[in-house]
Structures are given as C-alpha cells and as structure tokens.
Amino acid sequence: AGSAATSPFPHKAWEQAKPSVPRAAAMVHRTDEQSARGMPWFSRFGGSVKERASICGERSPLMARTMSAIGFRKENDCTNSEEARFAFADAMEGGVAPGLASSYVDAPPHSAVGEERLVVERCENGALYQLLTPEGAVQLHAKERISCDGFDIFMGGAGAGVRDTTASSVGPAFVLTTDVDRSKWTLESERCCRCQAHWRRRWGKRELMRMSHYKEQIGEGEAVCMDVKLPTMRRDGTCAYSCASCGDGGAADVVELSLKRPKWHPTRKSLALNFYGRCNMMSAKNFQLVEQRPVAGALDRYKLLFGKISEDRFVLDYRYPLGMVQAFAAALSTAHWG
Numbered sequence: 051a052g053s054a055a056t057s058p059f060p061h062k063a064w065e066q067a068k069p070s071v072p073r074a075a076a077m078v079h080r081t082d083e084q085s086a087r088g089m090p091w092f093s094r095f096g097g098s099v100k101e102r103a104s105i106c107g108e109r110s111p112l113m114a115r116t117m118s119a120i121g122f123r124k125e126n127d128c129t130n131s132e133e134a135r136f137a138f139a140d141a142m143e144g145g146v147a148p149g150l151a152s153s154y155v156d157a158p159p160h161s162a163v164g165e166e167r168l169v170v171e172r173c174e175n176g177a178l179y180q181l182l183t184p185e186g187a188v189q190l191h192a193k194e195r196i197s198c199d200g201f202d203i204f205m206g207g208a209g210a211g212v213r214d215t216t217a218s219s220v221g222p223a224f225v226l227t228t229d230v231d232r233s234k235w236t237l238e239s240e241r242c243c244r245c246q247a248h249w250r251r252r253w254g255k256r257e258l259m260r261m262s263h264y265k266e267q268i269g270e271g272e273a274v275c276m277d278v279k280l281p282t283m284r285r286d287g288t289c290a291y292s293c294a295s296c297g298d299g300g301a302a303d304v305v306e307l308s309l310k311r312p313k314w315h316p317t318r319k320s321l322a323l324n325f326y327g328r329c330n331m332m333s334a335k336n337f338q339l340v341e342q343r344p345v346a347g348a349l350d351r352y353k354l355l356f357g358k359i360s361e362d363r364f365v366l367d368y369r370y371p372l373g374m375v376q377a378f379a380a381a382l383s384t385a386h387w388g
C-alpha cells in the first residue's frame with residue numbers, strides 16, 4: 051500500500067504518471083537524443099513541445115500556459131486542438147515560431163558607414179512579399195490581409211517546410227494597417243518584446259511607425275509622397291516605444307523622415323531621381339527616404355532606398371534610424387502605387 055501512495059513532491063507526479071516505454075523504443079529515443087545534439091536549440095525545443103503534447107493530451111494546463119507565453123494565438127479558439135499544437139511545434143522546429151522580435155525592430159548602429167542591403171520579392175501576384183538577404187535567406191514575409199486593409203508580417207519564410215496551419219496558429223509578429231484611402235498607415239508589433247522577456251501572461255502591442263501618403267505636383271508631373279514618423283532612439287540603440295501592459299515609458303518625441311522629391315526632367319518629360327546604380331528599371335514604386343529636418347553639418351544620405359531590379363524583385367537598402375521591419379513596412383505601403 052505504501053508503494054502505491056502518491057509522491058509528496060508535486061513536480062514528480064507527472065513522472066509517476068508516465069506510461070511505460072518498451073526497451074526498443076527507449077533505445078530509439080536515446081539514439082534520437084544523440085542525433086539531436088547537433089540540431090539548433092529551437093528544433094530541440096520544438097521537438098520537446100511536440101512530444102509533451104502527445105503525452106499530456108488535450109487537457110494539459112501546463113501546455114496551455116506554455117503556448118500562451120510564447121505567442122500561441124488564443125483568438126483562433128484552437129488551444130485544445132491537437133492539430134494546432136503540432137503545427138505550433140512544427141513552427142518552432144522550423145525556427146519561425148513567435149519569439150522576441152527586437153532583432154527585426156532595432157536599427158543598425160548610428161555609426162555604421164554603410165547600409166543594410168536586402169531584397170524584396172513579390173510572389174503570387176502581389177498577395178505575398180518576402181524579404182530576403184542577398185544570399186536568398188528569408189527574413190520576413192508578408193501577406194495581404196483578407197480585409198484588404200494592410201498586411202500581416204511574419205518572422206521567417208512562408209516556404210520553410212512548415213505546415214499551412216502554422217500561420218493561422220502562430221499568427222503575425224507585426225501588423226501593418228491602413229485606412230480606406232490607403233493614405234494613413236500604422237505598423238504595430240503584436241507582442242511587446244519587454245512583456246515577453248519578463249514572461250508576462252498578458253502583453254501589450256507597440257506602435258512602431260506611422261506613415262502618410264499624399265500627392266504633390268512637381269513640374270508638369272505628379273509624385274506620390276510619403277512622410278514617416280518613428281519613435282526616438284535610446285542611447286543603447288533600442289527604440290523607445292510605449293506599452294500600456296508593462297509600463298515601459300514611450301518617447302516624447304519622434305524622428306521624422308520624408309520622401310526625397312524627384313526632379314522634373316524637361317527633355318524626357320518625366321520625373322527623375324538618382325538611385326546611385328542600385329536599381330535599373332523605372333517604376334512608380336521607386337523611392338527614397340531622407341531626414342525631414344537634417345542635423346546641421348550631417349551628410350545628405352538617404353535613410354531608405356527602394357528600387358526595382360526585375361519584374362518581381364526590388365532592392366531595399368536602409369540605415370539608422372530604421373529597423374528591418376520598419377523598412378519592409380515602408381516598401382509594402384507602396385504596393386498599390388501605380
């Protein structure tokens with residue numbers, strides 16, 4: 051009777067409830083552990099979550115809390131869905147599950163001489179956009195929202211070997227929304243990095259950027275212009291965003307960028323702008339952003355350059371104070387420029 055008594059240590063209760071594992075299966079499990087040592091940490095962690103999901107079943111409060119803490123979307127009403135849990139584990143194994151998004155938000159060092167150079171690829175007739183490194187590695191991908199009021203932006207690639215249910219279960223890391231006229235744009239982070247870093251059960255959203263689009267007469271032509279407002283930067287290089295949940299104080303001031311105006315070319319009868327050899331095709335979507343009120347004595351350098359290089363590919367060069375996702379969002383906002 052004494053041997054059947056419940057363990058006085060609650061954390062060992064699950065160990066007692068574990069089903070017995072045959073010897074052959076245990077040997078395979080040890081072999082899998084040995085082969086997993088060389089795998090990335092997120093693949094090992096995803097495999098562990100998938101294994102625990104299959105053992106604990108659908109009524110595990112531990113699984114529900116874990117998935118909630120690392121970004122599982124509750125609004126899909128599929129927290130108790132075994133398929134959704136495995137999709138989430140697949141996302142972690144593929145390295146595209148939600149995590150801290152600060153690396154996509156923080157700007158390059160202010161002292162950097164060059165700029166970050168990436169490529170935007172348009173797919174599926176404009177329904178999908180991917181942000182790639184020059185080597186072809188996918189950093190972010192964006193899908194147009196069903197309501198046609200902006201884009202959902204996901205970390206990682208759409209073709210990363212993850213099941214189609216992953217995007218719906220994990221959800222976007224960032225959301226770019228606009229009004230009916232597509233003249234006002236707002237970029238928000240769906241999960242506050244500060245809240246996630248402190249493992250808060252409820253996290254707030256953070257506004258990362260605002261953009262305004264309008265038309266302006268230049269010579270005999272008309273140009274679509276853009277003004278951008280960004281939060282100010284802290285001394286450590288991170289952005290000072292506000293979050294109602296964690297109480298992180300917001301910035302009292304903003305950094306303002308504006309579209310560099312092209313010039314009217316009387317001979318060609320068109321607007322022209324120097325893109326420094328970075329693009330080779332004419333497009334209404336080609337643009338550059340510069341400081342609206344440049345510091346006295348500072349070099350007149352663009353902060354963002356977006357230019358067409360082939361039918362569905364564009365270069366995207368950016369530098370401080372823009373982060374990767376902010377530069378990508380500015381490029382996405384021109385999707386309907388014609």
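So the sequence shown is residues 51 to 388, counted in the working numbering. Note that the Cβ used here is the ideal one computed from N, Cα and C, for glycine as well. No experiment lies behind these values; they were computed from the predicted model shown.
Bridge partners - residue i, DSSP secondary structure assignment
| i | result |
| --- | --- |
| Lys279 | Arg260 and Glu306 |
| Met205 | Leu190 |
| Gln342 | DSSP output for Gln342 lists no bridge partner at all. |
| Ser239 | Phe224 and Arg256 |
| Leu321 | Trp314 |
| Ala273 | Glu266 |
| Val365 | Val169 and Gly357 |
| Lys234 | Ser262 |
| Gly200 | Thr227 |
| Phe337 | Phe356 |
Proximity winner among the options, relative to residue i (alpha-carbon distances)
| i | options | result |
| --- | --- | --- |
| Val163 | Ser239, Tyr352, Trp314 and Arg318 | Tyr352 |
| Ser152 | Arg172, Glu185 and Glu240 | Glu240 |
| Met261 | Asp156, Lys313 and Leu237 | Leu237 |
| Cys242 | His315, Lys265, Tyr154 and Pro184 | Tyr154 |
| Met331 | Val188, Phe356 and Leu178 | Phe356 |
| Arg232 | Gly221, Gly269, Ile203 and Val274 | Val274 |
| Ile203 | Phe378, Ala385 and His386 | Phe378 |
| Leu354 | Gly269, Ala187 and Arg167 | Arg167 |
| Trp235 | Met259, Pro158, Pro222 and Gly254 | Met259 |
| Gln267 | Leu321, Lys255 and Gly206 | Leu321 |
| Ser333 | Asp303, Met374, Ala381 and Val375 | Ala381 |
| Glu174 | Gly186, His160, His191 and Ala187 | His191 |
| Ala187 | Leu178, Asn336, Glu171 and Asp199 | Glu171 |
| Gly254 | Tyr264, Met276, Cys293 and His263 | Cys293 |
| His263 | Lys319, Pro316 and Leu339 | Leu339 |
| Gly388 | Gly200, Lys265 and Asp199 | Lys265 |
| Gly327 | Met205, Val169 and Ile359 | Ile359 |
| Asp367 | Glu341, Arg343, Cys329 and Ser161 | Cys329 |
| Ala385 | Gln189, Pro312, Pro316 and Asp199 | Asp199 |
| Lys335 | Pro312, Pro316, Glu341 and Gln342 | Pro312 |
| Val304 | Leu178, Glu341 and Ser383 | Glu341 |
| His160 | Gly176, Thr282, Gln189 and Asn324 | Thr282 |
| Gln376 | Ala177, Leu178, Phe201 and Pro316 | Phe201 |
Alpha helix (DSSP H) segment containing residue i, residue limits
| i | result |
| --- | --- |
| Ser152 | Ser152 to Val155 |
Unbroken beta strand (DSSP E) run spanning residue i, endpoints
| i | result |
| --- | --- |
| Leu372 | Leu372 -> no beta strand (DSSP E), and no H or E assigned at all. |
| Ile359 | Leu354 to Ser360 |
| Glu179 | Glu is not the amino acid found at residue 179; the sequence shown has Tyr there. Looking at the DSSP string, the run of the beta strand (DSSP E) that includes Tyr179 is Leu178 to Leu182. |
| Arg328 | Element bounds for Arg328: n/a, residue is neither H nor E. |
| Val170 | Glu166 to Cys173 |
CB-CB length for residue i against residue j, believed under 8 Å
| i | j | result |
| --- | --- | --- |
| Val278 | Glu306 | 7 Å |
| Pro371 | Leu309 | Pro371 to Leu309, Cβ: 16 Å. No contact. |
| Glu272 | Trp314 | Contact flag wrong, Cβ pair sits at about 10 Å. |
| Pro158 | Arg369 | 6 Å |
| Phe337 | Met374 | Phe337 to Met374, Cβ: 18 Å. No contact. |
Any chain C beta carbon closer than 9 Å to residue i
| i | result |
| --- | --- |
| Gly206 | Protein chains in the displayed structure number just one, and chain C is not present. |
Does the region 221-238 come within contact of the region 190-204, defined as at least 3 CB pairs closer than 8 Å?
With the cut-off at 8 Å, the region 221-238 and the region 190-204 touch.
Quick check: the region 363-380 against the region 171-182, are at least 3 beta-carbon pairs closer than 8 Å?
As far as the Cβ criterion goes, the region 171-182 touches the region 363-380, which means the pair count is three or higher.
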